[in-house]
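J.: Below are the structure tokens for one structure; questions will follow.
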Amino acid sequence: MNANVLPQPTDIGAQINAHLLHTVGVGPDQASRCDLMQAVAQVVRAQLSERWVATQAQERQHKARRVVYLSMEFLMGRTLSNALAALQLTDGAAEGLRQHAQRLEDVADCEPDAALGNGGLGRLAACFLDAMATLSLPSWGYGIRYEYGMFAQDIVNGAQVEYPDPWLVDGTPWEFPRPDISYPVRFGGWVEHVDEQTIWRHTGEVAAKAYDMVVPGHGTRKVSTLRLWKAAAPAHFDLSAFNTGDYARAANTKNEFENISWVLYPNDSTPAGRELRLKQEYFFVAASMQDLVARHLQEHPTLDNLADHVAIHLNDTHPAIGVAELMRILCDEHRMPWEQAWALCGKTFSYTNHTLMPEALETWPVSLLQHVLPRHLEIIFRINKEFLDEAAKCRPGDNGFLARLSLIDEHGERRVRMAHLSIVGSHKVNGVSALHSDLLVQTIFADFAALWPDRFTNMTNGVTPRRWLAQANPGLAGLLDETLGPGWRLDLSQLTRLAAKKSDPVFQQAFRAIKRDNKVRLARAIENSTGIKVNPDSLFDVQVKRIHEYKRQLLNVLHVVWRYQAILAEPNASWVPRTVIFAGKAASSYVTAKSIIRLIHDVGQVINQDARIGDKLKLVFMPNYGVSVAEVIMPGADLSEQISTAGTEASGTGNMKLALNGALTIGTDDGANIEIRQNVGDDNIFIFGLKTPEVRALRQSGYQPMRYFESQPALKTVLDAIAGGRFSPTEPGRYRPLMDSLLWGGDHYMLLADFASYIATQARVDALYRQPELWCERSITNVAGMGVFSADRTIGEYARQIWHVESVPATP
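9 is the number of the first residue of the sequence shown in the working numbering; add one for each residue after it.
This is the structure:
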């Protein structure tokens with residue numbers, strides 16, 4: 009078939025049947041939904057393969073400068089529907105499946121989510137790959153082929169329980185194994201310096217085997233490549249142990265190597281877990297560096313011009329060891345002089361920071377690096393010495409300044425600061441929202457910014473409208489097509505034209521009907537996953553994200569308890585029915601976050617079973633949150649909870665996705681909430697609580713949470729009910745530690761300080777929801793204001809301002 013001619017529906021039906029017979033191995037009349045999913049995927053895969061080969065050939069021909077995007081996570085979600093849309097095959101596939109009496113939506117549901125990430129960091133990386141392909145930017149993403157992802161979450165008796173997530177158990181049609189691409193990754197041992205040559209005498213070695221996934225662009229024939237590395241034991245294993253019947257020892261030798269790519273973010277509460285985490289980070293970085301150097305040398309005779317043809321981007325600090333690894337490759341393996349190699353590194357690397365919290369900045373004990381990566385520790389020490397020598401010239405005698413800048417934290421256990429390594433080794437460092445980027449240079453990286461003010465910049469995050477509107481919300485996407493034409497998919501700024509429709513009764517009626525259909529779909533999903541029936545006409549109040557104290561799910565729960573108590577006190581008042589929906593995973597070793605999940609469950613148990621409440625209030629927790637669950641929740645949300653303590657959330661992208669689907673935001677002036685407010689207008693968002701300067705001032709003056717507890721009777725009643733066992737009668741003290749952390753533990757994230765403002769703002773939410781036309785008008789205004797939050801805009805700015813990469817248009 010000519011790759012430039014789109015298949016007609018009848019052609020796709022024939023191709024599906026052919027793949028059922030020849031690839032899946034089942035007769036078309038016997039095919040299950042999963043068989044059909046595999047067959048449709050093979051139809052898509054064939055076209056993606058052609059595009060992938062053509063893309064790589066064009067980039068080699070142009071000797072294009074490429075982006076190399078290093079990330080520990082790529083939360084891709086399901087591929088089938090997105091790929092069909094990119095190839096303009098959705099209608100044809102739907103028609104082909106109707107011949108088998110199946111709906112495309114049901115067949116697509118058979119595909120498991122690719123378990124390659126956890127939260128916003130990984131989903132951002134996935135959106136970025138989509139945008140790179142759509143903008144025809146030469147690009148490679150690199151990560152780890154996790155066999156089990158993070159974990160599958162279940163809720164058992166209210167508690168989070170973690171299970172393996174074997175998403176690859178039946179294979180996946182979306183990966184292309186590359187058996188001829190394998191690199192050694194070494195660990196341990198010692199370093200020798202012989203005749204001006206450095207030799208790393210490693211004591212362990214694992215093979216990194218390549219598996220490619222193809223990410224299609226929309227409106228173009230270009231694709232991005234995501235290359236994932238699987239850890240494999242060396243070809244030999246302890247055969248003697250196996251032959252003597254000691255199967256456990258033989259298997260342990262193999263597993264010791266291969267467990268590197270089993271699980272995302274292994275539990276790092278133990279020394280073994282921390283060592284495995286470090287090995288994971290180095291494993292994928294080392295393989296990726298070897299791969300990009302090999303590709304460069306295939307196209308160019310020298311590494312002297314590497315920086316002219318490669319832009320390496322560090323997505324957070326997980327791949328920061330890449331700075332030292334590239335120096336090792338250039339100096340040790342290719343004998344490049346140190347000064348030349350270091351200058352080349354600085355032109356090649358750039359770094360995105362994703363956190364403002366010092367405690368969240370990754371560090372590694374010097375002793376652990378010495379044990380796992382002795383040569384890299386030597387390189388880091390040399391980088392640090394030369395850097396501090398230069399910095400000392402700016403402030404002679406200022407030892408405090410040098411101590412704050414140092415790549416080595418000398419307080420207590422000596423630790424390597426990976427964020428500092430990323431900054432020193434990069435030519436550009438960016439935050440991910442305007443506030444975040446400002447705070448980076450004012451707070452945690454102020455000393456670096458004083459040295460290199462031009463090194464720091466801002467790149468406000470964005471999301472792909474193809475996934476988060478066109479795919480997740482086909483009803484709204486269809487309405488936008490009728491109103492604006494289909495061009496918004498590639499130019500989200502066209503949404504601004506919706507503002508003229510916000511008060512149009514006909515448009516409002518269609519918009520509200522679509523929202524209700526999405527809420528009915530979400531209500532059905534809630535019942536299927538939790539057994540709880542909710543009213544789709546209630547206000548759907550949504551907080552879905554990683555469970556963490558700074559994201560303040562606990563503040564949301566305090567409001568739910570307050571509302572429950574208020575309804576009981578005034579049952580005949582005109583309450584707006586509300587369904588509060590939580591979803592998200594807590595890290596397996598994060599005890600407080602797990603306690604918050606259990607509290608959500610216990611409070612929900614009491615409220616949902618209280619006949620006096622009925623549909624006035626429901627509280628549900630949807631388990632195993634991921635991309636596919638989000639695609640159902642976000643189109644059905646009325647209210648988006650973005651309530652982090654001001655100055656703690658770098659950006660957020662869930663806030664963008666929810667607003668893009670018409671949810672109104674209730675949130676603090678934090679992260680990208682500020683830019684959302686600026687784009688939708690103050691009247692179309694619910695902002696509450698302390699602002700960042702006020703948080704800082706209150707901390708400096710001596711924050712006393714007990715003052716709020718004693719002066720606010722409603723707050724006291726809420727905390728006393730939780731601490732006293734009202735929601736855990738079989739274990740009355742279950743939540744006493746959680747409440748004590750607020751009252752006596754300093755309430756680090758200032759829930760009590762923001763409680764009154766939050767409750768008052770929730771009353772404003774109720775008042776607006778009582779006016780359906782006005783609520784709808786503001787919901788439309790939110791959609792209209794979201795054009796700037798496209799990943800295409802973000803990646804375009806990265807390409808121009810940081811990477812200096814140009815598109816390579818597809819050729820027929």
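All C-beta atoms in this analysis are idealised placements derived from N, C-alpha and C, irrespective of residue type, glycine included.
Does the count of Cβ pairs from the region 722–734 and the region 656–672 closer than 8 angstroms reach three?
T.: Too few Cβ pairs lie closer than 8 angstroms, so no.
J.: Would you kindly check if the distance between the Cβ of serine 597 and the Cβ of asparagine 275 is under 9 angstroms?
T.: Contact flag set, yes.
J.: Measure the CB-CB distance between isoleucine 152 and histidine 609 and report whether it falls below 9 angstroms.
T.: Cβ distance not < 9 angstroms, so isoleucine 152 and histidine 609 don't count as in contact.
J.: Cβ of alanine 480 within 9 angstroms of Cβ of tryptophan 811?
T.: No. Outside cutoff.
J.: Mark methionine 714 as exposed unless 16 or more other C-beta atoms lie within 10 angstroms of its C-beta, in which case mark it buried.
T.: Exposed, by the Cβ-count rule.
J.: What do you get for glycine 21, buried or exposed, if any count of 16 or more other CB atoms within 10 angstroms of its CB means buried?
T.: Under this definition glycine 21 is a buried residue.
J.: So aspartate 43 packs on valine 635, CB below 8 angstroms; how close in whole Å?
T.: Their Cβ separation, rounded to whole angstroms, is 23 angstroms, which puts aspartate 43 and valine 635 out of contact at 8 angstroms.
J.: Write down the C-beta distance between glutamate 289 and histidine 326 rounded to the nearest angstrom, noting that I regard them as a contact closer than 8 angstroms.
T.: Their Cβ separation, rounded to whole angstroms, is 5 angstroms, which keeps glutamate 289 and histidine 326 in contact under 8 angstroms.
J.: How many angstroms separate the CA atom of alanine 595 from the CA atom of glycine 128?
T.: Computed Cα separation, rounded: 14 angstroms.
J.: To the nearest angstrom, how far is it from the Cα of aspartate 446 to the Cα of isoleucine 684?
T.: Distance between the alpha carbons of aspartate 446 and isoleucine 684: 17 angstroms.
J.: Going by the DSSP bridge assignment, what does valine 222 pair with across the sheet?
T.: DSSP, once it has assigned bridges, lists Thr233 as partnering valine 222.
J.: Give the DSSP-derived three-state secondary structure of aspartate 188 in the structure shown.
T.: Three-state result, aspartate 188: strand.
J.: Got a sec? Which residues, its chain only, sit under 7 angstroms from tryptophan 583 by beta carbon, not counting five neighbours each side?
T.: Result list for tryptophan 583: Ile575 and Lys624, in chain order.
J.: Just to check my reading of the structure: threonine 472 and alanine 139 have Cβ atoms closer than 8 angstroms, yes? What is that Cβ distance to the nearest angstrom?
T.: Yes, they are in contact, since the Cβ atoms of threonine 472 and alanine 139 sit about 6 angstroms apart, within 8 angstroms.
J.: Could you check whether the region 338–351 touches the region 451–466, counting it as contact only if at least three pairs of C-beta atoms, one from each stretch, sit closer than 8 angstroms?
T.: Touching, no, given that fewer than three Cβ pairs across the two stretches are closer than 8 angstroms.
J.: Check this for me: beta carbons of serine 296 and tryptophan 237, under 9 angstroms apart or not?
T.: Contact flag set, yes.
J.: To test your reading of the DSSP string, which unbroken alpha helix (DSSP H) runs of 4 or more residues are found completely within the region 305–378?
T.: Fully enclosed alpha helix (DSSP H) runs of 4 or longer: 314–317, 329–336 and 346–356.
J.: Alpha carbon to alpha carbon, what distance is there between glutamate 386 and arginine 560?
T.: Cα to Cα, the separation comes out at about 41 angstroms.
J.: With DSSP collapsed to three states, give me the class of glycine 909.
T.: Limits of the chain in this structure are 9 at one end and 820 at the other, which puts residue 909 out of reach.
J.: Around the C-beta of lysine 541, are 16 or more other C-beta atoms found within 10 angstroms, so that it is buried, or is it exposed?
T.: Exposed.
J.: Would you tell me roughly how many angstroms separate the C-alpha atoms of valine 773 and leucine 547, rounded to the nearest one?
T.: Each residue's alpha carbon lies about 10 angstroms from the other.
J.: Given this structure, state the Cα-to-Cα distance separating histidine 108 from phenylalanine 82, to the nearest angstrom.
T.: Approximately 34 angstroms, taken between the alpha carbons.
J.: Determine contact between the region 293–309 and the region 334–346, defined as no fewer than three beta-carbon pairs at a distance below 8 angstroms.
T.: Yes, since at least three Cβ pairs between the region 293–309 and the region 334–346 fall closer than 8 angstroms, the two stretches touch.
J.: Tell me the DSSP secondary structure of arginine 778 in three-state form.
T.: Three-state result, arginine 778: coil.
J.: At 4 residues or longer, what runs of the alpha helix (DSSP H) sit wholly inside the region 587–656?
T.: With a minimum length of 4 residues, the continuous alpha helix (DSSP H) runs that stay inside the region 587–656 are 599–616 and 635–644.
J.: Around the C-beta of tyrosine 171, are 16 or more other C-beta atoms found within 10 angstroms, so that it is buried, or is it exposed?
T.: Exposed is the call here.
J.: Which residues mark the beginning and the end of the alpha helix (DSSP H) in which alanine 480 is found?
T.: Counting along the chain, alanine 480 falls outside any alpha helix (DSSP H), and DSSP gives it neither H nor E.
J.: Along the chain, where does the alpha helix (DSSP H) that runs through histidine 444 open and close?
T.: Residues 442–450.
J.: Determine the burial state of leucine 782: buried for a count of at least 16 other Cβ atoms within 10 Å of its Cβ, exposed for fewer.
T.: Burial call: exposed.
J.: Counting only the same chain and skipping the five closest in sequence on each side, list residues whose C-beta sits under 6 angstroms from that of isoleucine 693.
T.: Excluding positions up to five away in sequence, the list reads Thr673 and Arg685.
J.: Report, in whole angstroms, the separation of the C-beta atoms of leucine 116 and arginine 86, which I expect to be a contact under 8 angstroms.
T.: The question names leucine, but residue 116 is alanine in the sequence shown. Alanine 116 to arginine 86, Cβ: 7 angstroms. Contact.
J.: Compute the Euclidean distance between the alpha carbons of asparagine 438 and arginine 106, then round it to the nearest angstrom.
T.: The alpha-carbon atoms of asparagine 438 and arginine 106 are separated by roughly 48 angstroms.
J.: When DSSP builds the beta bridges, which residues end up paired with tryptophan 436?
T.: Note on identity: in this sequence residue 436 is lysine, with tryptophan being the wrong assignment. For lysine 436, which the question treats as bridged, DSSP gives the partners Ser358.
J.: Taking Cβ to Cβ, would you say asparagine 469 is nearer than 9 angstroms to threonine 661?
T.: The answer is yes: Cβ separation under 9 angstroms.
J.: State the DSSP-derived secondary structure class of isoleucine 540, mapped to helix, strand or coil.
T.: Reduced to three states, the DSSP call for isoleucine 540 is coil.
J.: May I ask you to verify whether the region 704–724 touches the region 757–766, counting CB pairs closer than 8 angstroms and requiring at least 3?
T.: Contact holds: three or more Cβ-Cβ distances are below 8 angstroms.
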